[in-house]
Amino acid sequence: EVLHNWDDEHCLKLLKNCYEALEEKGKVIVISHMMVEEAEASNGAKLVCQLDLYMGTLFGAKQRTAKQFESMAMNAGFSSFQLKCLAFDAIAVMEFYK
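First residue of the sequence shown? That's 1 in full-length UniProt numbering, and the numbers climb one at a time after it.
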């Protein structure tokens, strides 16, 4: 849950540092709240939406969708992104591959 505390610029810097520290063909495992792509009424989706409002108001940060995480991973230099699991429409396990 590190990436949701920061704006895109700081997240990108952090991910670039992770990328540089990885061995060839290494990966970073990211566990984070994730916004669903389309509006949804599940409790998990509502929670992430509330967190998005809090993070934006307090820290200028945000919750991200899978597409936003993938874009950030690619911009940091990673070759691929995989969403491994999305539990309760709220908590994602992702892998960013070097």
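Glycine is no exception: its CB is placed at the ideal position from the N, C-alpha and C atoms.
Item                                                                                                                                                                                                                     : Value
Write down every uninterrupted run of the alpha helix (DSSP H) in the UniProt domain "O-methyltransferase C-terminal" (2 to 79) whose length is 4 residues or greater and which is fully enclosed by it, in chain order. : 8 to 21, 43 to 59, 66 to 75
Measuring straight from C-alpha to C-alpha, what distance separates L15 and E24?                                                                                                                                         : 15 Å
From the DSSP output, in three-state form, read off K98 for me.                                                                                                                                                          : coil
Considering only the alpha carbon of each residue, which of N75, L51, S80, V28 lies closest to G60?                                                                                                                      : L51
Just to confirm, are N75 and L12 a CB contact at a threshold of 8 Å?                                                                                                                                                     : yes
Taking 8 Å as the cut-off, decide whether the C-beta atoms of A95 and K84 are in contact.                                                                                                                                : Residue 95 is actually Glu in this sequence, not Ala. In this structure, K84 lies closer than 8 Å to E95 by Cβ.
Using alpha carbons as the reference points, say which of G56, I31, H10 lies closest to A66.                                                                                                                             : I31
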